[in-house]
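Heads up: the sequence lines are chains D and R, in that order.
Residue numbers are given in this note's numbering: position 270 of the first sequence equals residue 270, and the series is strictly consecutive.
Remember, this note's numbering sits 1000 above the position in the second sequence when you count from 1.
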Amino acid sequence: MSNTVRYDDQTPRLFFLAALIWAVVGMLVGVLIAAMLFLPGLNLAPFLTFGRLRPLHTNAVIFAFIGNIIFGGTYHSMQRLLKTRLFSDALTKIHFWGWQLLIAAAAVCLVTGITQGKEYAELPWVLDIVIAVLWVIFAVNFFGTIAIRREKHLYVAIWFYLASIVAVAILHIGNSMALPYSLLGSYSAYAGVKDALMQWWYGHNAVAFFLTTPFLGLMYYYLPKAAERPVFSYKLSIMHFWSLVFVYIWAGPHHLHYSAVPEWASTLGMLFSLILWMPSWGGMVNGLLTLRGAWNKLRDEPVLKFMVVAVTYYGMSTFEGPMMSIKSVNAVSHFTDWTIGHVHAGALGWNAFLSFGILYWIIPRLWKTELFSKKLAEVHFWIGTVGLILYQVSMWVAGITQWAMWRAFEPDGRLVYPDFIETVIKIVPLYWVRLVGAILFFAGLLVMVYNVIRTLKSAPANFKEEPEVHAPPLTDDLAAPGATTAPNTYDHAFYRVQHVLRHGFHRYIEGNVVLLTVLTALALAVGSLVEAIPMFLDPSNVKTIASVHPYSPLELLGRDIYIREGCYNCHSQLVRPFRHETERYGEYSKAGEYVYDHPFQWGSKRTGPDLHRVGQKYPSLWHVRHMKDPRSTTPGSVMPRYPHLLSSHLDTSLLQSKMRTMKKLGVPYSEGEIETALSSLEKQSQQIAAEVEAQQGPRGLAGREIIALTAYLQRLGTDIKWRRPAVQTAAVPEPAAQAPAAQTPAASAPAPHAGPAPAAITSAR
Amino acid sequence: MAEYEDKILHDIDGIKEYDNPLPGWLMAIWWGSLLFSALYIAFYALSFGEPTMEAEYRSAAEKDLAALQAHFDAHPIVAPTPAELLSGAKNPEVLSAGAARFAKTCASCHGQQAQGLIGPNLTDERWIHGGSVEQIFHSIVKGWPAKGMPPWGRAIPQKEIAALVSYVRSLQGTNPPNAKPAEGEPFKAEALPE
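And the structure:
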């Protein structure tokens, strides 16, 4: 074996450039949808509506931009940390091109409405399998590289990469369980409350193990490199690595406070989020204190500026996060723009800024040249920072405003803002501020792209020459110096254990990748299993309600349209047990109402009102008109128009296979119902179309998509009987029908509320 | 930060690691959060604290409703008399308040000119649920939920409901363009006061 190794730097080059390209795409879509939120005219075509572009934005920035940074950074740093070339050139190529093709395919699916309807996990099942395969390729390459390493001990960055790879695999597979009904269509294997728990176990830990731990790994490599300072504390690395990996996985249910998810789960989610404070800050402290003695370098080094702000924002977000997970704080922040501000503080402040810092540092090195302009990097830093602050502050204010307006009561028990639209119009100015912030941030990115292009142009012709370093292969490492045989006495064995412990047991784990992987997987498994097992095994967590029955064929197809159009991106389907919510929407949501919801559609943000009790609230014609032009029924509405739903014919070709799939998932459709599904769909469609016509609406809508969607909306939340609590405010006898007013004595005398209910004005509404 | 020894432990690819201890304040957060969690669980599991989320909601609702009932027992809403409602139809102040509320709340279903859209035309002489001012008042307050008319008694202040009724009465016979065909029974509107 040779004593030298050559690093593959072409792979990181490709990944970093791809990251930059996807960053432009993803953030451009972000700017566009930030504008769409208050300029609904920008929803130009069905494939350019907010509900389809928002998933495109999140997927592009998370999995394309950040994903490529993770791969590039991991492949670049691990070769140097392990003193070896990547395991397989073929696998790295497949990984790179596969990932880019996957993203392109994902973009096409998302704009055409092919989605599974679960946030951050929208991609169709076929692409889910592709993701899994590519992830396995990444893992094989990663562990293969570790296997051929020429450095005995794994540095903390490698631990974090390793934990990310293991965790993302578990999360992705766990949450993506679905039963297909066609090549691109499927229904989530879980329903309602269980689906919600799985989804946010995944969703929260995608933040943890895609946006946090890989980036901590990158921080541990690139920050000390750029600052040329030692890492502050090895002990802290150990402490916060293990606590982070163990604790993070529990925290998911904090996305589901005051929901139909059982309280024990929500309580665990809250407490583990609070416990997560130290493990998160451990990373920040180790990052910032690494800069001790290097703070003066900040003045003229944009790379360090980006990194310091990134680490600081990481600290801020991971303080804000635990606070928002406290139930009573969450009651304020949930469903509002505060959450949007919080995620962008993390995504822009931590992920994007750290990525920018890394790119400014690595690109000149990978291309063997100098950065074209430090000044432009400074410009990027400052406009990016201003954009970031504008974004965050506007969303804080918007969130608090929404909460305050949603819950405001008059002294006589009326909501001060009973029309949801008032609370939307109020925050439009803040949406403008956010748009300005977003544009600034995007402009900074464009400055960087220009800077990078100029830098690449100055690269010498031989920049692709692979660096060669001296690294002798590892010798067989036995448990004790000089030991050539297995221990043959207890004393001998004990001596070897002592040898291991002399350098700390953790040092031993760092040299033993199998042990490290097993321990990491165990740490991840505990929280996952403790939360999931009772949920799936103990039926008392989802109390069934006898009156809840499966969706009719028409409603099922209507629901698929709801999912296709991404309605869940702006509308929740979860009324929380708060007075102001039950007053505004109706009875709070019960776990048993969602048992046939594959997938659940609770949403996480209310740009529009909650829809769980919208069924039968309006005449069907209202929905038809509202979909055709939301401004016609709700002046000031920011919802996109969906006129095509009135002209498109409902595709019923997959109806029966959809119902059979649902049946396999436990929805009790009888074989007879499936056989006669088309005719019963026809019948209900005729019925609703006739209702719309009777209300003087457009004729001939039977068989159109709008009727299916209306059927679904009219069904929502109507399976249980409920009424608003009422007080009696006065006695006003109901006038006899058609009796001339002159014959009815004016009833103005107050009467006690004990009087007969039908004769009184009550607060019931 | 002079208190740290900064002893170098490892060196890997030029990155050194110090052997510094865990910062005390950070560990205080760690043990504090663990202690808080233990107490929180003990407090709730042993039922010293609040009851379940549902019970919490129910008691909050009960308390709210009791307070409201007390409020209305002391200050019952006095429904306006037909004469008051009719005279409002001649009062420009009342009419402009009614028109504003109509545009905001009613126009989306009944049309900007009350010509009927999703809900019925309110300007003709036929009424599905009675056309007397008192009946209109009642229809607004209690609604006809089965037919899609929500009860507005709690969402709109009483005074504005009265203004709405006066406004609707004033629209009788305005014959707006694109009116929805008449529905319901004929009703001759009550005369307005001189």
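Glycine included, every Cβ here is placed at the ideal spot set by N, Cα and C.
In this text, all values refer to a predicted model and were calculated from it rather than measured experimentally.
Taking just the CA atoms, how far does residue j sit from residue i?
i: D/Pro302; j: D/Asn175; result: 40 angstroms
i: D/Ala479; j: D/Leu82; result: Because the pLDDT at D/Ala479 is just 49, under 50, the model does not fix this residue reliably, and the value given afterwards should be weighed accordingly. When rounded, the distance between both Cα atoms is 20 angstroms.
i: D/Glu766; j: R/Ala1114; result: Because chain D in this structure spans residues 1 to 765, residue 766 of chain D falls outside the shown range and cannot be described.
i: D/Ala35; j: D/Arg6; result: 48 angstroms
i: D/Leu216; j: D/Ala163; result: 11 angstroms
i: D/Val329; j: D/Lys225; result: 39 angstroms
i: D/Ala742; j: D/Ala690; result: Confidence at D/Ala742 is low in this model, with a pLDDT of 36, below 50, so the placement of that residue should be treated as unreliable; the coordinate-derived value is given next. Whole-angstrom Cα-Cα distance: 38 angstroms.
i: D/Ala764; j: R/Trp1152; result: Below a pLDDT of 50, predicted positions are generally treated as unreliable, and D/Ala764, at 39, falls in that range; no measurement from the model is reported.
i: D/Asn59; j: D/Leu123; result: 9 angstroms
i: D/Arg414; j: D/Leu298; result: 56 angstroms
i: D/Asp9; j: D/Leu366; result: 7 angstroms
i: D/Met177; j: D/Glu228; result: 45 angstroms
i: D/Ala739; j: R/Val1133; result: Note on D/Ala739: pLDDT 39, under 50, position unreliable in the model; no value is reported.
i: D/Phe16; j: D/Gly73; result: 8 angstroms
i: D/Ser632; j: D/Arg625; result: 7 angstroms
i: D/Tyr588; j: D/His549; result: 18 angstroms
i: D/Pro752; j: R/Ala1070; result: In this prediction, D/Pro752 has a pLDDT of 34, which is less than 50 and means its spatial position is unreliable; nothing more can be read from the coordinates.
i: D/Glu119; j: D/Arg54; result: 10 angstroms
i: R/Gln1172; j: D/Gly717; result: 38 angstroms
i: R/Ala1179; j: R/Asp1124; result: 9 angstroms
Hey, quick one: how far does the beta strand (DSSP E) through residue i stretch, first residue to last?
i: D/Ala178; result: 178–180
i: R/Glu1125; result: Careful: R/Glu1125 lies outside any beta strand (DSSP E) and carries neither H nor E.
i: R/His1071; result: R/His1071 -> not in any beta strand (DSSP E); alpha helix (DSSP H) instead, spanning 1053–1074.
i: R/Leu1009; result: 1008–1012
i: D/Tyr187; result: 186–188
i: D/Arg6; result: 4–6
i: D/Val469; result: 468–470
Taking C-alpha atoms, which residue in the options lies nearest to residue i?
i: D/Val638; options: D/Ala23, D/Asp8, D/Gly51, D/Arg6; result: D/Gly51
i: D/Leu14; options: D/Pro553, D/Ile363, D/Leu430; result: D/Ile363
i: D/Ile103; options: D/Gly26, D/Tyr596, D/Gly144; result: D/Gly26
i: D/Leu359; options: D/Leu304, D/Thr336, D/Gly399; result: D/Leu304
i: D/Glu593; options: D/Val261, D/Pro619, D/Ile129, D/Leu645; result: D/Val261
i: D/Tyr221; options: D/Thr92, D/Ser237, D/Ile131; result: D/Ser237
i: D/Arg660; options: D/Ile427, D/Ile439, D/Leu179; result: D/Leu179
i: D/Ile158; options: D/Ala121, D/Gly511, D/Ala352; result: D/Gly511
i: D/Val111; options: D/Gln79, D/Leu56, D/Ile249, D/Glu370; result: D/Leu56
i: D/Phe372; options: D/Leu645, D/Phe420, D/Pro322, D/Val447; result: D/Val447
i: D/Trp22; options: D/Ala107, D/Ser77, D/Lys93, D/Leu39; result: D/Ala107
i: D/Pro322; options: D/Asn286, D/Gly341, D/Gly283, D/Leu271; result: D/Leu271
i: D/Gly203; options: D/Asp610, D/Gly603, D/Thr634, D/Gly672; result: D/Gly603
i: R/Gln1158; options: R/Phe1072, R/Pro1092, R/Ala1103; result: R/Phe1072
i: D/Ala677; options: D/Ile129, D/Thr652, D/His254; result: D/Thr652
Whole-angstrom Cβ separation of residue i and residue j, contact assumed at under 8 angstroms?
i: D/Leu354; j: D/Thr290; result: In fact, because the Cβ distance is near 14 angstroms, the residues do not count as touching under 8 angstroms.
i: R/Gly1119; j: R/His1110; result: 5 angstroms
i: D/Glu565; j: D/Thr213; result: Not confirmed; about 34 angstroms, so no contact.
i: D/Tyr234; j: R/His1010; result: 7 angstroms
i: D/Tyr562; j: D/Gln601; result: 7 angstroms
i: D/Val332; j: D/Thr520; result: Actually they do not touch by this definition, with Cβ atoms about 35 angstroms apart.
i: D/Val309; j: D/Leu276; result: The pair is not a contact, with the Cβ atoms about 22 angstroms apart (cut-off 8 angstroms).
i: D/Val692; j: D/Leu611; result: At roughly 19 angstroms, the Cβ-Cβ gap does not stay under 8 angstroms, so D/Val692 and D/Leu611 are not in contact.
i: R/Ile1012; j: D/Glu151; result: 7 angstroms
Please say whether residue j and residue i have beta carbons closer to each other than 8 angstroms?
i: D/Gly349; j: D/Gly387; result: no
i: R/Trp1127; j: R/Gly1184; result: yes
i: D/Thr145; j: D/Leu86; result: yes
i: D/Gln116; j: D/Pro599; result: yes
i: R/Ala1189; j: R/Arg1169; result: yes
i: D/Tyr596; j: D/Tyr551; result: yes
i: D/Leu701; j: D/Leu646; result: yes
i: D/Leu654; j: D/Ser182; result: yes
Which two residues bound the contiguous alpha helix (DSSP H) that contains residue i?
i: D/His240; result: 234–248
i: R/Glu1093; result: 1092–1101
i: D/Thr423; result: 420–426
i: D/Leu376; result: 374–406
i: D/Val303; result: 302–325
i: D/Val126; result: 125–147
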